Amino acid sequence: MPRDEIEDAILAFVKKRAASPADIARCLVGSISARAFQDTGTFGALRRRNVSRDHVVNVIQRMIRQQRGITIDRHLGVIPTGPVAQPAHAARPPSAGHDDDDTSSAELSPGQARVLAAVSAGRSIFFTGPAGTGKSFLLRRAIESLRERHGAGAVFVTAATGIAACHIGGTTLHSFAGVGIAKHGAEAAAAAAVRSGNAVQRWRACRCLVVDEVSMVDAQLFEAVELTARRARRSNAPFGGVQLVLTGDFLQLPPVGLDEDDSAGGFGTRRGGRPAPASAGAGAGAGRGRGRGGKQAAPAPPAVKYCFESPRWAACVSESAMLQTVFRQRDQRFVDLLNSLRAGRAGDAERRLLASAGAEVAAAEARGEDPTRLFARNRDVDALNARKLASLPGEAVELEAVDGGEHPWLGTLQRNCAAPTSLRLKLGARVMLLKNVDVEAGLVNGATGRIVDFVRQPGAGEGAPADLPRVEFALRNSDGETHTVTRTVERSSWSSELGGVPVAWREQVPLKLAWALSIHKAQGMTLPLVDVSLAGVFARGQAYVALSRGVALSRIRVRGFSAGAVKASPRVLRFYAALQAAAAAREGAGGHAGPAAAAGSPAARRAAPGGAAASDAGGSAIDREVAALLAGLDANDLE
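Using my numbering, the first residue of the sequence shown is number 1032, and each one after it goes up by one.
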């Protein structure tokens, strides 16, 4: 088929499916990209030909010329800028819930489209961004795409912690890999893992490994997992040839046990240990010395480093992306404030702004509405919820979870599942949804309400206990108007999967008491009305995580704020600056180097430990979307 006929065929197809060049970009990098060419008779011949990137570029150029009277450069780049609030007219996630609360109509931002294109092209990528930029939403889209491409049995979904693993229906990284917590170093962990037939079998079946909250994975664990992958798969390729999809924000939650003293220029230590020298590598102990009486002193525990500080990171991660479009907050003043706090800046201007916040919280309390309280410590959360529940009249209804599965996956799920083993409720109790029930109605993960009745389960016999709560949810629409939706909340299930196969599950009513939540368990949530206590904040990024749950300055009240509560690691700030510099260098070079070339250039190697970097801000909306397409599209996407 001649080149012009190929282009005309593509043009006819996209004209039927899309009305603008921006829509073409979404269409071609979205879920129908490869399948559309396979399922449409017009494209039967194209499947057997090498439909090149140039064909698609030419089609988009022609569409733009016809509709907008302009031309584009096929090597469009992107210019990194600060995170910006999503315009009010743009598609947005629901008003409450996790970042991954999705509606099928939710659109990808240009940066999200670029990441999805890289994932579909088989590249190993790390993507990050401030709170509210849709990392969890994008991760779910990526997982769906990978499972369609490779089959569920070849895609293993993991997270750094059990809580994060439960949120995405996966398992912990260390349990999947078979390395435990790798406390004795990469060599020992890998040797133990390859002796496990089950772990080796999982590694050999794996074509793509997804890791959520990778910011909580330290360098030692990262190296242990990577070495295990190479040995189990008998391949010297990075990660044994497995594609990586990594996400998380190093400025929100650091590795467990990290207690760094950046001002001293040293690395952190594992909690409870003595400081290790800055020269100590991940997995390597400090030198031995003589203690009292000439006895051999025990080696100091190994230094804790971020996983991006491992030499293996640069070898394994070929591309990095920084999401910039903030969906959660529309108030640019609030977005700017959060950006400052995320970077560890808390001057007089920030303190004054926080002190003036919370007008709508006070007004809501005057009407008898309770904001969600956030605490750093679990004991404060439990105490407030127990006190509030006890103050309500009447008998409590206890709902027990039904669990099943295999060891050790079941134990991990039981310890970390959002749904409690035993749930005590009363009429009038304030509760929060733990799952999407009806997205269109606004009943999403994070929506809050009060119990107004208990009813029997459908099909239950006469005399069966009335154990299903009926909840009146107070919801706000995008215009700020409040309305109520009353719904009986039925039991739901949570599961952990390995390669698409459930290995543990829990069935429970998807509710929890919600007068108070811990900052840690609120991560990823959007809370329409929130009261934050920063007393007892103990980890870097924790204050930022708490404050970024809010949607507007007027709807968040902050207690106990001090400049000392705002902590940002200089090491992470340098790493993120390097990613931005790499994106800027790529743009400055005219964008003529593709992602692989950019990652391999000397400037990029100096600037970005994670390979080629990209940002999703800057340029016109159409240019950004077309740039996102061109950055990730290759012939394989259209074969």
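Heads up, the beta-carbon is just placed ideally off N, CA and C, and yes, glycines get one too. Just so it is clear, the structure is predicted and the values come from calculations on it, not from any experiment.
Legend entry - Three-pair Cβ contact test at 8 Å for the region 1567-1576 versus the region 1212-1225: The region 1567-1576, when compared against the region 1212-1225, does not touch it at the 8 Å Cβ threshold.
Legend entry - Euclidean distance between Cα positions of Ala1680 and Gln1283: Residue coverage of the chain in this structure runs from 1032 to 1670, which leaves residue 1680 outside it and unanswerable.
Legend entry - Close beta carbons around Phe1270, own chain, < 6 Å, minus the five adjacent residues each side: Taking the first residue of the sequence shown as 1, we reach residue 1270 at position 239. Same-chain partners within the cutoff: Glu1257, Ala1260 and Cys1347.
Inset, instruction - Following the continuous alpha helix (DSSP H) through Leu1354, name the residue where it begins and the one where it ends. - result: Residue 1354 sits at position 323 when you count from the first residue of the sequence shown. Per DSSP, Leu1354 belongs to no alpha helix (DSSP H) and is neither H nor E.
Inset, instruction - Determine the extent of the alpha helix (DSSP H) in which Glu1381 is found, giving its start and end residues. - result: For the purposes of this step, residue 1381 is taken as the residue at position 350 of the sequence shown. From DSSP, the alpha helix (DSSP H) with Glu1381 extends over Asp1379 to Ala1386.
Inset, instruction - Give a yes or no on whether the C-beta atoms belonging to Ala1377 and Val1597 are separated by under 8 Å. - result: Here residue 1377 is taken as the residue at index 346 of the sequence shown, counted from 1. Here residue 1597 is taken as the residue at index 566 of the sequence shown, counted from 1. Against a cut-off of 8 Å, the Cβ pair of Val1597 and Ala1377 comes out as a contact.
Legend entry - 8 Å Cβ cutoff met for Gly1142 and Ala1374: Position 111 of the sequence shown, counted from the start, is the residue given in the question as residue 1142. Position 343 of the sequence shown, counted from the start, is the residue given in the question as residue 1374. Cβ distance not < 8 Å, so Gly1142 and Ala1374 don't count as in contact.
Legend entry - Whole runs of the alpha helix (DSSP H) within the region 1201-1235, excluding any shorter than 4 residues: 1204-1208 and 1217-1225
Legend entry - First through last residue of the alpha helix (DSSP H) which encompasses Ser1585: Position 554 of the sequence shown, counted from the first residue, corresponds to residue 1585. Counted as a single uninterrupted DSSP element, the stretch harbouring Ser1585 is not any alpha helix (DSSP H), since DSSP gives it neither H nor E.
Legend entry - Residues bridged to Ser1341 [DSSP beta-bridge criterion]: Locating residue 1341 in the sequence shown gives position 310, counting from the first residue. Answer is none; Ser1341 lacks a bridge partner.
Legend entry - Cross-strand partners of Val1561 (DSSP beta bridge): Locating residue 1561 in the sequence shown gives position 530, where the first residue counts as 1. According to the DSSP secondary-structure assignment, Val1561 is paired through a beta bridge with Thr1403 and Ile1587.
Inset, instruction - Work out the CA separation of Ala1185 and Glu1175 for me, nearest whole Å. - result: The count along the sequence shown starts at 1 and reaches residue 1175 at position 144. The count along the sequence shown starts at 1 and reaches residue 1185 at position 154. Distance between the alpha carbons of Glu1175 and Ala1185 is about 12 Å.
Legend entry - Buried/exposed call for Gln1539, threshold 16 Cβ in 10 Å: Numbered from 1 along the sequence shown, position 508 holds the residue referred to as residue 1539. Buried: at least 16 other Cβ atoms inside 10 Å.
Inset, instruction - Go ahead and pull the three-state DSSP assignment for Ile1550. - result: Here residue 1550 refers to the residue found at position 519 when the sequence shown is read from its first residue. Of the three classes helix, strand and coil, the one that applies to Ile1550 here is coil, per DSSP.
Inset, instruction - Buried or exposed for Arg1364, please, with buried defined as at least 16 other CB atoms from any protein chain shown within 10 angstroms of its CB. - result: Within the sequence shown, numbered from 1, the residue matching residue 1364 stands at position 333. Exposed.
Legend entry - Beta-carbon proximity check, Gln1445 vs Gly1160, cutoff 8 Å: Along the sequence shown, read from residue 1 onward, the residue named residue 1445 stands at position 414. Along the sequence shown, read from residue 1 onward, the residue named residue 1160 stands at position 129. Not in contact: Gln1445 and Gly1160 (Cβ atoms no closer than 8 Å).
Inset, instruction - Go ahead and pull the three-state DSSP assignment for Val1335. - result: Numbered from its first residue, the sequence shown carries residue 1335 at position 304. Val1335 falls in the strand class under three-state DSSP.
Inset, instruction - Confirm, please, whether the CB-CB distance from Trp1440 to Thr1278 is below 8 Å. - result: Here residue 1278 is taken as the residue at index 247 of the sequence shown, counted from 1. Here residue 1440 is taken as the residue at index 409 of the sequence shown, counted from 1. The answer is no: Cβ separation not under 8 Å.
Legend entry - Pairwise C-alpha distance: Arg1172 and Arg1518: Position 487 of the sequence shown, counted from the start, is the residue given in the question as residue 1518. Position 141 of the sequence shown, counted from the start, is the residue given in the question as residue 1172. Looking at the two C-alpha atoms, the distance is approximately 28 Å.
Inset, instruction - Compare the C-alpha of Leu1430 against each of Glu1396, Asn1409, Arg1487 and Asn1229 and name the closest. - result: On the sequence shown, position 399 is the one that residue 1430 refers to. That would be Arg1487, whose Cα lies nearest to the Cα of Leu1430.
Inset, instruction - Rank Leu1169, Thr1515 and Ala1208 by C-alpha distance to the C-alpha of Gly1530 and give the top, closest one. - result: Stepping through the sequence shown from its first residue, residue 1530 is reached at position 499. If we check each option's Cα against that of Gly1530, Ala1208 comes out closest.
Inset, instruction - Determine the DSSP secondary structure at Val1475, reduced to helix, strand or coil. - result: To locate residue 1475, count along the sequence shown from 1; it is residue 444. Of the three classes helix, strand and coil, the one that applies to Val1475 here is coil, per DSSP.
Inset, instruction - Assign Thr1513 to one of two classes, buried (16 or more other C-beta atoms within 10 Å of its C-beta) or exposed (fewer than that). - result: Looking up residue 1513 in the sequence shown gives position 482. By the 10 Å Cβ count, Thr1513 comes out exposed.
Inset, instruction - Tell me, to the nearest whole angstrom, how far the beta carbon of Val1433 is from that of Lys1543; I am working on the premise that it is less than 8 Å. - result: As a working note, residue 1433 is residue 402 in the sequence shown. As a working note, residue 1543 is residue 512 in the sequence shown. No, Val1433 and Lys1543 are not in contact; Cβ-Cβ is about 17 Å, not under 8 Å.
Legend entry - Test item: CB-CB of Pro1541 and Leu1464 under 8 Å: If you number the sequence shown from 1, residue 1541 lands on position 510. If you number the sequence shown from 1, residue 1464 lands on position 433. Yes.
Inset, instruction - Give the secondary structure of Ala1545 by DSSP, where H, G and I count as helix, E and B as strand, and everything else as coil. - result: As a working note, residue 1545 is residue 514 in the sequence shown. Note: Ala1545 maps to coil in three-state DSSP.
Inset, instruction - Quick one: grab the DSSP three-state call for Pro1193. - result: Against the sequence shown, residue 1193 aligns to sequence position 162. Per the sequence shown, residue 1193 should be read as Gly rather than Pro. DSSP places Gly1193 in helix when its eight states are reduced to three.
Legend entry - Closest residue to Arg1382 among Gly1165, Leu1139, Leu1584 and Val1603 (Cα-Cα distance): In the sequence shown, residue 1382 corresponds to position 351, counting from 1. Of Gly1165, Leu1139, Leu1584 and Val1603, the residue nearest in Cα terms is Leu1584.
Inset, instruction - Could you spell out where the beta strand (DSSP E) holding Leu1240 opens and where it closes? - result: Residue mapping note: residue 1240 aligns to position 209 of the sequence shown, counting from 1. First-last of the beta strand (DSSP E) with Leu1240: Cys1239 to Asp1243.
Inset, instruction - Give the DSSP-derived three-state secondary structure of Leu1275 in the structure shown. - result: Within the sequence shown, numbered from 1, the residue matching residue 1275 stands at position 244. Looking at Leu1275 - three-state DSSP - the assignment turns out to be strand.
Inset, instruction - Go through its chain and collect everything with a Cβ distance to Arg1586's Cβ below 6 Å, but skip five positions before and after it. - result: Position 555 of the sequence shown holds residue 1586. Glu1391 and Leu1560, listed in sequence order.
Inset, instruction - Have a look at Leu1415 and Ser1549 and give me their C-alpha separation to the nearest angstrom. - result: In the sequence shown, the residue the question calls residue 1415 occupies position 384. In the sequence shown, the residue the question calls residue 1549 occupies position 518. If I take the Cα positions, the gap works out to 11 Å.
Legend entry - DSSP state of His1438 mapped onto helix, strand, coil: For the purposes of this step, residue 1438 is taken as residue 407 along the sequence shown, with counting starting at 1. Collapsing the DSSP output to three states places His1438 in coil.
Inset, instruction - Using beta-carbon positions only, say whether Ala1553 and Leu1405 come within less than 8 Å of one another. - result: As a working note, residue 1553 is residue 522 in the sequence shown. As a working note, residue 1405 is residue 374 in the sequence shown. Against a cut-off of 8 Å, the Cβ pair of Leu1405 and Ala1553 comes out as a contact.
Inset, instruction - Give every residue of the same chain whose Cβ lies closer than 8 Å to the Cβ of Ile1194, excluding the five residues on either side of it in the sequence, and list them in chain order. - result: Along the sequence shown, read from residue 1 onward, the residue named residue 1194 stands at position 163. The answer, listed in chain order, is Asn1447, Ala1449, His1551 and Lys1552.
Legend entry - For Phe1504, the three-state DSSP class (helix, strand or coil): As a working mapping, residue 1504 is identified with position 473 in the sequence shown. Correct three-state label for Phe1504: strand.
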